[in-house]
Each structure stands twice: as C-alpha cells, then as structure tokens.
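K.L.:
To start, I am sharing the structure in question, which I have written as structure tokens.
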Amino acid sequence: MQTAQRLVAASPGYELPAAISFDNVSFSYQRGDQTIQALERVSLQVSPGKFVALVGPSGCGKSTLLHLAAGLHKPSSGSVSLLGQPLQGLANEVGYVFQSDGLLAWKTVKENICLPLRIQRRPEVEVRELVADWLRRTGLAPFAQAYPAQLSGGMRKRVALAQALIHHPKLLLMDEPLSALDVHNRALIGSELLTLWTKQKSTVLFVTHDLEEAIGLADEIVVLSARPAQVKAVYPIDLPRPRNLIDIRLSPEFQRLYAAIWGELRGEVLSSCVSQS
Amino acid sequence: MFRSRNSGRWLVIGMQLVLALLLLGAWEWSARRDITFQFFVSRPSKIADKLWQWITAGDLHIHAFHTTLETVAGFLLGVVAGLILALVCFYSPLVYRVIQPAVDVANAMPRAVFGPLFILWFGLGLTSKAMLAASLVLFIVFFGTLSGLQEVEENVLHKVRLMGASRLDLLLHVQLPSALVWVFSSLRSSVGFALAGAVIGEYMGAGRGVGFQIALSQGNLDSTGVFAGLLVLSMMVLVMNGLLRRVERLLTPWRVS
C-alpha cells in the first residue's frame, strides 16, 4: 500500500496533475540552538477532489505538512506542487480551518462568512447572493447578525467552515478542525462538512489524531511516522458515500479498516511517547 | 432572596442613599458641634451654599465645559498618537527596540511633573491641559494597541493571508480591529486618566476650568470651595461614565454582557 499514487488518467499518455504533490520534502527548523527535523523526505500525491486524512502521533509534523502545502513555510529540501505547478510564495485559492474557530470577534456571522469575498473584491451582487446561499446551507441564517461570542461552539465551527468554503477554494486545509468540539457536535459538524464538501469537490487535506474520525470522513488515510515524519502507509477508504458518521463505525468494514490502520499507527504513537519522555 | 433584579437594584440604591445621608449628617453635625474644625473640613450645608453661589453666578457650566473639552481633546490626541506610535513599533521592531527605554522611562515618570513645562510651552489655555491629558492616555493606548496587534492568533493571520489578503487587508480586517477592541474596552479608564490630566493641568495654571476653581479656593484657604470643586468633578465623572457606558455598547456590540 506504500504511497498509492492514484492519478486519474484522462486519456492514454496524459495524466491529470495531482492537486497537491510533495516530492521528497524535508523540513527542519530552529528551536533555541537546536535544529528540529520535522519532516524527512515526504513524498505524497493527492488527486483532485480527494478527501485525504493525515494521521500520526502528536507533534509529528502533520500541521507542518499543511503549512508547506499552503506555502506558509518553504521546504528545506524537495518541492511542493499544486496542480503540477511548483508552489512559489503563498498558495492562492486555499481555505484553512483549524482547531480554534479563529473567527473575528468584531464581525457578525455574515461579515465573517463574506470576508474572503470582500478581500478578493468580488462584486457586491455576487457577495450578497453567495452569503445568503451559505447562511442557508449552514443553517446560520437566523444568526446572520449575531456576533461569534453569542454562538455555541458548534455554531462557530459552522461559521468557520462557511468562511473557508464560500470562495470555492481548490484546496481545503483542515488542522484538527473538529477536535475542540464535544462528541455529538463532532459527528454532526463532520456530517455537515461532508455534505458541503460533496457539493464543492475541493481537495481536502485533513489533519487529525482521531482515527475513527479520519476513517469516517476520508477517501484516503495517510499514516505518518513519529518525528521526523515520513509517510508510513497510505490506506484507501472505500466505504460507500454518502456516509452516516454516527452509524458507520458499527459496520464490519469500518472495524476492519480501523484494526488495520491502528496496527500501523500504534507503533508510531508508542515510539513517540518513548522519545518524548 | 430578591424577587427580581430590579427590586435588588432599588434596595442597593436605597442603601446607598441612607449611607450617604448618614455620612453627610455626621459631617454636618460634628462640624456644627465644633468636634471637627470647620476651617479644614467645612460642612455639607456650606458646600451646598457655595455650589449654589457658583451656579447662580453663572460660570460653573463654563468651567465644567472647559474641563470637559480639555478631557475630550486630550483623550482623542492620546488615542491617535498612541495608535500611530504602536503601529510604527509594530511594523518596525527595530524602532521599538531603539525607543523602548525612552518609552518605559516616560511611562514611569509621574506625569504631573510635566505640567509646569507644558504650561510654559503651550500657554495657560486648552492646549497645555490637552497635552497633559494626552500624555497619560498615550501610554495606555500604546501598550494596549501594541499587544492587540502582536497577539492576534497566528492561525487567524495565516487563514486571512490564504484568502488572498494584502498587508493592508490584514491590518484593516484583523490587526487594527483587534487593537481597537482593546482601546474601546479600556475607554472608561482612559477617559478617567484624561480627566485627571486636564484637572492637574488646570490646577497648575489656568484661567478657567474646575481644577482652576479648586486651585483658586485653595489659594484663599477656602476648604468649602475645594470640596465644592471636588463635588463638581464627581458629578462630571458620574455623567461621563454613564455616557461612556452607552458609547462602549455602541462601539463594541459584539461583547455579550
């Protein structure tokens, strides 16, 4: 299963470039007078429109991988390409969602959601139309004029999702976006994420430490090793869609996948615990 | 247990009134019985008389108006200067490192000592008071704004940059509002400082203002006048706080009470 390179062949002799491709990417940074090797020769290809979950022990460099994909960091060696184009500077058309909701407290729900459109100076008519649509799709319409502090955690996460998706980014980077939510909200918002994503078909890189969540959501799971992170294995998840995140974990297929991937992940989690203590 | 919040509120107001009447009564009684020296502590009825004299003489509102004007001018000046200075230091850490000792020293210095200098430089009018008030407000705003600018969650900056934001977009949508949140939420204490600056300035040299009236009374060894002046100031503070609470609610609608 090593590095499943599942490129879509459009016609013989022509392959659609990967939405995102890491080629032998290494990354190290300085902490004090120590050099920390976060990633070592990571190679990974993600086909357009795929939902890919990255799992691995805490602190292994999963978030770093997202930052590299966005162009927020430059690899120490190797290269990152988006749709076949080597990434230079900041990637554009990227949506980014992370653990805290990261909303702007002084903007209403509506203003928060339309922020990307405002920044991209889209025409007013288009902004109004899109915002109305997204408020409806996320069930936030009654709260359009509310401020983030007046909303529950689940609501705020919906706003963050709408904000990340409204400008229709080709690439969606998600860094443990659901892990601050309680169990029920996690399943609920996860399902909503899937519904929104199915309509949009952005490529998703989803970092999580929760294997159940990863299996429920993703088309493909990439297991990363303890630091310095390397791609340990790639598992395609061929559970049928649409998926019901609440019941899916009872299916034998889910259990089989869980056991297999956990077997791979377990050793890494343990070895990272040993190296941290 | 209070039946409602409202009945609790009236109870508090009632108790406050009773407490005030008790204190004023004790003050008046002890002064009339010569237990305390009227020369030093005056007494409430004389203070009320004095206040009435000022009101009927028709210049109390002029004094109060000027003190207010100096306070507002000083506050605005301090906010603008503090914001600009913070922005400069934010975008150029080198500048900040260079001027940091000066900023710290100036901030630690009791501002009253600048009063005589400001009066020398800017005259006895409004400017010197506004400058003194501004010198107090500036540092509050500077430190608040700087940390507001610096302490935006890094992921939020990443996110907005990835939406395609320029540095200016980032400043306008994220960093500046984050800093202003702090300025708005410290509005009452900043205005309090501005008022203190204005009154100290008037006290040191002025032709009008509540601080000037207090200084004048003190010059005449008139404790009644000093107390009357303090009373006027207290009223002004109460009114200003009431107004500022409304302004705060208008400027920071996202804060849930």
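Line by line, the protein sequences give chains A and B. Numbering follows my numbering, with no gaps: position 191 of the first sequence is 310. Numbering follows my numbering, with no gaps: position 214 of the second sequence is 329. Idealized CB from N, CA, C, for every residue including glycine.
1) Rounded to the nearest angstrom, how far is the Cβ of residue 171(A) from that of residue 341(A), given a contact under 8 Å?
2) CA-CA distance, residue 364(A) and residue 309(A)?
3) Comparing C-alpha positions only, which one of 346(B), 364(B) and 353(B) sits nearest to residue 158(B)?
4) On the criterion of 16 or more Cβ atoms from any shown chain inside 10 Å, does residue 268(B) qualify as buried, or is it exposed?
5) Could you confirm whether any beta carbon from chain B is found closer than 8 Å to the beta carbon of residue 211(A)?
6) Kindly provide the ranges of any alpha helix (DSSP H) runs that are 4 or more residues long and lie completely inside the stretch 251-314 of chain A, ordered along the chain.
7) Which value, in whole angstroms, describes the spacing of the CA atoms of residue 122(A) and residue 350(A)?
8) Would residue 138(A) and residue 166(A) be called neighbours here (beta carbons separated by less than 8 Å)?
9) In the DSSP assignment, the beta strand (DSSP E) including residue 335(B) goes from what residue to what residue?
10) Say whether the stretch 190-204 of chain B touches the stretch 252-261 of chain B, bearing in mind that this needs 3 or more beta-carbon pairs closer than 8 Å, one atom from each stretch.
11) For the structure I just gave you, are there three or more beta carbon pairs, one from the stretch 324-336 of chain B and one from the stretch 179-187 of chain B, closer than 8 Å?
12) At a CB-CB cut-off below 7 Å, which residues of chain B make contact with residue 235(A)?
13) With a Cβ-Cβ cutoff of 8 Å, do residue 311(A) and residue 277(A) count as a contact?
14) With a threshold of 8 Å between beta-carbons, can residue 191(A) be considered close to chain B, or not?
15) Report the neighbours of residue 289(B) on chain C: residues whose CB is nearer than 8 Å to its CB, in chain order.
16) Under 8 Å Cβ-Cβ, which residues of chain A neighbour residue 208(B)?
17) Give me the DSSP bridge partner(s) of residue 150(A).
18) Among 150(A), 163(A) and 180(A), which residue has its Cα nearest to the Cα of residue 344(A)?
19) Exposed or buried, which one is residue 155(A) when buried takes at least 16 other CB atoms within 10 Å?
20) Comparing C-alpha positions only, which one of 357(A), 225(A), 336(A) and 151(A) sits nearest to residue 264(A)?
21) Taking only runs of the beta strand (DSSP E) that begin and end inside the stretch 328-360 of chain A, which ones reach a length of at least 3 residues, in chain order?
22) For residue 374(A), is the classification buried or exposed, using 16 other Cβ atoms within 10 angstroms of its Cβ as the cut-off for buried?
23) What would DSSP say about residue 396(A), mapped onto helix, strand or coil?
24) Which same chain residues end up closer than 7 Å to residue 341(B) when comparing Cβ atoms and leaving out the 5 residues on each side of it in sequence?
25) Using a Cβ-Cβ cutoff of less than 8 Å, which residues in the same chain neighbour residue 61(B) once the five nearest sequence positions on both sides are dropped?
26) Is residue 216(A) closer than 8 Å to residue 296(A) when the C-beta atoms are compared?
27) Using only the alpha-carbon positions, how far apart do residue 154(B) and residue 147(B) sit?
28) Which runs of the alpha helix (DSSP H), 4 residues or longer, sit entirely within the stretch 221-296 of chain B?
29) Would DSSP call residue 184(A) helix, strand or coil?
30) Is there a C-beta anywhere in chain A that falls below 8 Å from the one on residue 273(B)?
31) Would you mind telling me which residues of chain B sit closer than 7 Å to residue 217(A), beta carbon to beta carbon, in chain order?
32) Using a Cβ-Cβ cut-off of 7 Å (strictly less than) and excluding sequence neighbours within five positions of residue 283(A), which residues of its own chain qualify?
33) Does residue 284(B) have its Cβ less than 8 Å from a Cβ in chain A?
34) At a CB-CB cut-off below 8 Å, which residues of chain B make contact with residue 239(A)?
35) Using only alpha-carbon positions, find the residue among 321(A), 376(A), 352(A) and 299(A) that is nearest to residue 335(A).
36) If you check the beta carbons only, do residue 200(A) and residue 191(A) fall under 8 Å apart?
P.N.:
Result, derived from the coordinates:
1) That belief holds up - the Cβ atoms of residue 171(A) and residue 341(A) are roughly 6 Å apart, short of 8 Å.
2) Residue 364(A) and residue 309(A): Cα-Cα distance of roughly 7 Å.
3) Per the Cα distances, 346(B).
4) Exposed, since its Cβ has fewer than 16 Cβ neighbours within 10 Å.
5) It does: the Cβ of residue 211(A) has a partner Cβ on chain B nearer than 8 Å.
6) Whole alpha helix (DSSP H) segments, 4+ residues: 272-284.
7) For residue 122(A), the pLDDT reaches just 40, beneath the cut-off of 50, and the residue's location in the model is therefore unreliable, although a value from the coordinates is still provided. Taking the straight line joining both Cα atoms gives about 8 Å.
8) Using a Cβ distance threshold of 8 Å, residue 138(A) and residue 166(A) count as a contacting pair.
9) Element bounds for residue 335(B): n/a, residue is neither H nor E.
10) Yes: the two stretches touch, three or more of their Cβ pairs being nearer than 8 Å.
11) In this structure the stretch 324-336 of chain B lies against the stretch 179-187 of chain B, because at least three pairs of beta carbons, one per stretch, are closer than 8 Å.
12) Neighbours of residue 235(A) on chain B, chain order: 278.
13) Going by beta carbons, residue 311(A) and residue 277(A) fall inside the 8 Å limit.
14) Interface residue, yes.
15) Note that chain C does not occur in the displayed structure, where the protein chains are A and B.
16) Per Cβ cutoff of 8 Å: no residues; residue 208(B) is ~18 Å from chain A at best.
17) Within the DSSP secondary-structure output, residue 150(A) pairs in a beta bridge with 153(A).
18) From the listed residues 150(A), 163(A) and 180(A), the smallest Cα separation to residue 344(A) is found for 180(A).
19) When all chains shown are included, residue 155(A) counts as exposed.
20) With distances taken between Cα atoms, residue 264(A) lies closest to 225(A).
21) The qualifying runs are 339-343 and 350-355.
22) Exposed: under 16 other Cβ atoms inside 10 Å.
23) In this predicted model, residue 396(A) has a pLDDT of only 49, less than 50, meaning its place in the structure is not dependable; the value taken from the coordinates is given anyway. Note: residue 396(A) maps to coil in three-state DSSP.
24) Same-chain partners within the cutoff: 329, 332 and 333.
25) Residue 61(B) is absent from the structure shown; chain B starts at 116 and stops at 372.
26) In terms of Cβ geometry, residue 296(A) and residue 216(A) form a close pair [threshold 8 Å].
27) Between residue 154(B) and residue 147(B), the C-alpha separation is close to 12 Å.
28) Taking only runs of at least 4 residues, the alpha helix (DSSP H) segments lying wholly in the stretch 221-296 of chain B are 230-237, 241-265, 269-277 and 282-285.
29) In the three-state reduction of the DSSP assignment, residue 184(A) falls in the helix class, which pools H, G and I.
30) Against chain A, the CB of residue 273(B) has a partner CB under 8 Å away; the residue lies at that interface.
31) When 7 Å is used as the limit between beta carbons, residue 217(A) is near these residues of chain B: 270, in chain order.
32) Excluding sequence neighbours, residue 283(A) sits near 214, 215, 216 and 291.
33) So yes, residue 284(B) belongs to the interface.
34) Residues of chain B passing the Cβ test: 278 and 279.
35) Restricting attention to 321(A), 376(A), 352(A) and 299(A), the CA atom closest to the CA of residue 335(A) is found in 376(A).
36) Result no, Cβ atoms of residue 200(A) and residue 191(A) do not sit closer than 8 Å.
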